[in-house]
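Using my numbering, read the sequence shown as starting at 9 and increasing by one per residue. Glycine residues also receive a C-beta, built at the ideal position from the N, C-alpha and C atoms. In this text, all values refer to a predicted model and were calculated from it rather than measured experimentally. Each remark here refers to the structure printed beneath this line.
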Amino acid sequence: MINSESKNIKVKATNLTKRFEMLETTSNKMKTLFGLNRNKGQEFWALRNVSFEVHDGETIGIIGLNGSGKSTISTLISESMTPTTGTLEVNGEVSIIALGTGLIPNLTGRENIHVVGLMMGMTKKEIADKLDDIISFSELGPFIDQPLKTYSSGMRAKLSFSIAAYQDPDILIIDEVLSVGDGTFGQKSADKMFEFREQGKTILLISHDMVAIEKWCDKVLWLHYGEVKAYGLTKEVLPQYINFVQWFIHLKPEEQDEYKHRVRDEQLTYTVEQLREEIVDEHGEATSRTIRTKIDEQLNSIKNNKLSIFSKGLLIVLATICILGALYYTSSAQSPKALADPVYFFRHQAFSTNTSFSEMIDSELAVKTEKTRENASETTTTEQPNISEKAATSETTETPPKSTSDVTITSTYIVQEGDTLEGIAIAEGITLEALQASNPNVSGNTIYTGEVLKIPKSQTTDKTTTANTTTTEGQ
């Protein structure tokens, strides 16, 4: 029997509760974050007024039916979550071993040792020094270099336990891991656990394996749908739990469902007033006054623990910047100066698709293809002149010029600072009307730096080609 009075406290929970708000939709969750949700979601009290102490060198079994809060209490002790009310004192470094926790399926076992080890606070040197021992303890052999997704549940449990076992924590939480291991590994795990305990370390074992609980644990914490049903020596508490389980499994299915529904309703309808009454019953009116005041302060802190006005404003500004950035990136604007005139940007550029790289390549290929065809046409005309070709050329020459709406687009031009539509048309050898017809989004002669203009086929080139053809025919 362990003399708890002579040992230091490693874990102490006092009037501990954990409340979750069961919000149905993502929009309600976002509204709650900003403090805008007036429709309060249903509350679920996963833990209700839980109190217990754990001392140096003790191995505590945490038992109870599924959904009783066993994993919730382990998560609070590992500081992955914070309690709603009450106090939780944890003295020492905590390592939690749960099936698959922190493991990455696509990485090998060896790679997971490095990743999980770093997550647990180990240095690279510590991992390198202990790597061979971890692999040997896991009994995975050649499988250590295989992807984790090929592992069985037992192999994953071995890897998880081996990594945590060599972290050398002060408090080791084992959540349903040993129950999936084989007999030989279970004995090794037990030896390691007793080794930890002899070193003055504390172990919390969460398991449905009553044989393991009876064999390894000094005390048992029986959680029953969020409440402490019993806490004490294993030989005193474990028989009570076994008797309850036997009673429960002999109920008819509809009676089991009715029982579960009733205790779940108690977790859903639990209130702070009930918590206050329980504290008064435990400590008396005078002593409980301080505790109740502290609980009120904790609840008010949670109620007011929403985003501040500054935080809300900052999020709105960041969201606006992200939206503008996305619009600018996908728009036809090519210069950040476009944002200097928001009205023009939104009217003419924000929803005008940016010319992609592939479209530019296609445009260049089209130009080259057109030039190749023109060269081939000129060569054929020069080498094989005949009457029919002259007639065709004559007809082509007499054909009236195409309208601006039929002009072929051959390239694009990015407007530079100081450019005008007329200047661009002259530089490209086209008419102002053709340029405006190819860019109907351009209003009058107004263009914007960074804007992408579509350039039609050069009319100067057409005239030169026609003149060359006429000269050739004359010769």
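Original post:
Is Pro155 near Leu115, with beta carbons less than 8 Å apart?
Top reply: yes
Original post:
What span of residues does the alpha helix (DSSP H) with Tyr249 cover, start to end?
Top reply: Thr242 to Ile257
Original post:
Is Ile142 near the ligand SAM, in the sense that its beta carbon is under 7 Å from a heavy atom of that ligand?
Top reply: This structure lacks the ligand SAM; in fact it carries no ligand of any kind.
Subject >> Through-space distance from Gly437 to Pro393, alpha-carbon basis >> reply: Annotation note: pLDDT 48 at Pro393 (below 50); position unreliable, no value reported.
Original post:
What's the C-alpha gap between Val236 and Pro91?
Top reply: 16 Å
**OP:** Check each candidate in Gln50, Ala21 and Asn16 and name the one with the smallest Cα separation from Met30.
**Re:** Gln50
Original post:
beta strand (DSSP E) containing Asn183: first to last residue?
Top reply: Strictly speaking, residue 183 in this sequence is Asp, with Asn absent from that position. Element bounds for Asp183: Ile179 to Asp183.
Original post:
Going straight from the alpha carbon of Asn57 to that of Ser144, what length do you get?
Top reply: Computed Cα separation, rounded: 43 Å.
Original post:
For Thr404, does the three-state DSSP call read helix, strand or coil?
Top reply: Residue confidence is low: Thr404 scores 41 on pLDDT, short of 50, so the model does not pin down where it sits. No coordinate-derived value is stated.
**OP:** Could you check the C-alpha separation between Asn313 and Leu335 for me, to the nearest Å?
**Re:** Caution applies to Asn313, whose pLDDT of 49 falls short of 50 and renders its modelled position unreliable; the value that the coordinates give is listed next. Approximately 34 Å between the Cα atoms of the pair.
Original post:
By the 10 Å Cβ neighbour count, where 16 or more other Cβ atoms means buried, how is Tyr278 classified, buried or exposed?
Top reply: buried
Original post:
Closer than 8 Å, CB to CB, is Thr454 near chain D or not?
Top reply: The chain inventory of the structure shown lacks chain D, comprising one protein chain alone.
**OP:** Could you tell me how far apart the beta carbons of Ile70 and Tyr249 are, in whole angstroms, since I believe they sit closer than 8 Å?
**Re:** Actually they are not in contact, since the Cβ atoms of Ile70 and Tyr249 sit about 11 Å apart, beyond 8 Å.
Original post:
Do the stretch 14 to 24 and the stretch 81 to 96 touch if we need at least three Cβ pairs shorter than 8 Å?
Top reply: yes
Original post:
Taking the C-alpha atoms as reference points, what is the distance between Val253 and Lys302?
Top reply: Straight-line spacing of the CA atoms in Val253 and Lys302 works out to 37 Å.
Subject >> Residue environment, Leu323, which counts as buried when at least 16 other CB atoms sit within 10 Å >> reply: The C-beta of Leu323 has fewer than 16 other C-beta atoms within 10 Å across all chains shown, which makes the residue exposed.
Subject >> Stretch pair the stretch 210 to 221 + the stretch 177 to 185: three plus CB contacts closer than 8 Å >> reply: yes
Subject >> Status (buried if at least 16 other CB within 10 Å, exposed otherwise) for Phe204 >> reply: buried
Original post:
With a Cβ-Cβ cutoff of 8 Å, do Leu167 and Ser146 count as a contact?
Top reply: yes
Original post:
Taking DSSP as the reference, what is the three-state secondary structure of Gly125?
Top reply: Gly125: helix per DSSP, three-state reduction.
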